[in-house]
Amino acid sequence: MSSEIQTETKPHNRQTQGRGFMAVLSLGLATLAMVSLLFALASWVQNGLASALNHRANGAATLLLLLLWINEKYSPQPWINRNLRVQTRQLATAWAESIYTVIAGVTLILIAIAFYRA
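Rendered as structure tokens:
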């Protein structure tokens, strides 16, 4: 009986180890994509738009973000729950609210800078 219990628990342990490893890889890919995006923005600020280094940084950030998107789409444990993905109207509303908040914040900062310089 003890050998039957051991054979039943081994695949489960391997499966949870595999999921943990995939979660760590997914987190590493997301971190790398976000860091590359920050470096691309910093390269744009430092070197301007016409720099070859800026084009390389943008290309690397784009590739890593595409890999992250593919990973999120086909991963067995995505960060966004599959049931939530079905609710497209709620996701569209959340994206619109977040984009509006960012645009409003940037606009307020630009208005404050304009008044400060005037």
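To convert, note that position 41 of the sequence shown is 40 in numbering that gives the first Met the number 0; the numbers rise steadily by one, no gaps.
Built from N, CA and C at the ideal position, the CB exists for glycine as well.
message: With H, G and I counted as helix, E and B as strand and the rest as coil, what does DSSP make of Trp43?
response: Against the sequence shown, residue 43 aligns to sequence position 44. It is helical.
field: C-alpha gap between Leu107 and Tyr99, whole angstroms
entry: Working through the sequence shown from its first residue, we reach residue 107 at position 108. Working through the sequence shown from its first residue, we reach residue 99 at position 100. C-alpha separation (whole angstroms): 12 Å.
task: Along the alpha helix (DSSP H) that carries Pro70, what are the first and last residues, could you check?
output: Mapped onto the sequence shown, residue 70 falls at position 71. Per the sequence shown, the amino acid found at residue 70 is Asn instead of Pro. Looking at the DSSP string, the run of the alpha helix (DSSP H) that includes Asn70 is 51-73.
task: Use the C-beta contact count for Ala60: other C-beta atoms within 10 angstroms, 16 or more gives buried, fewer gives exposed.
output: For the purposes of this step, residue 60 is taken as residue 61 along the sequence shown, with counting starting at 1. It counts as buried.
- prompt: For Leu64, which residues from the same chain have a beta carbon less than 6 Å from its beta carbon, with the 5 sequence-adjacent residues on both sides left out?
  reply: Residue numbering aside, residue 64 sits at position 65 when the sequence shown is read from its first letter. If we look at Leu64 and ignore the five residues flanking it on each side, its Cβ neighbours are Ala32.
task: Starting from Asn80, trace the alpha helix (DSSP H) both ways and give me its first and last residue.
output: Numbered from its first residue, the sequence shown carries residue 80 at position 81. Careful: Asn80 lies outside any alpha helix (DSSP H) and carries neither H nor E.
- request: Measure from the alpha carbon of Phe38 to the alpha carbon of each residue in Ile112, Asn53, Ala103, then state which is nearest.
  value: On the sequence shown, residue 38 is found 39 positions in, with the first residue counted as 1. Selected option, being the one with the closest Cα: Asn53.
- prompt: Alpha carbon to alpha carbon, how far is Leu26 from Ala113?
  reply: For the purposes of this step, residue 26 is taken as residue 27 along the sequence shown, with counting starting at 1. For the purposes of this step, residue 113 is taken as residue 114 along the sequence shown, with counting starting at 1. Roughly 40 Å separates the two Cα atoms.
task: Figure out for me which residue from Ala29, Gly104, Met21 has the closest Cα to the Cα of Leu62.
output: Indexing the sequence shown from 1 puts residue 62 at position 63. Comparing Cα-Cα distances from Leu62 to each of Ala29, Gly104, Met21, the minimum goes to Ala29.
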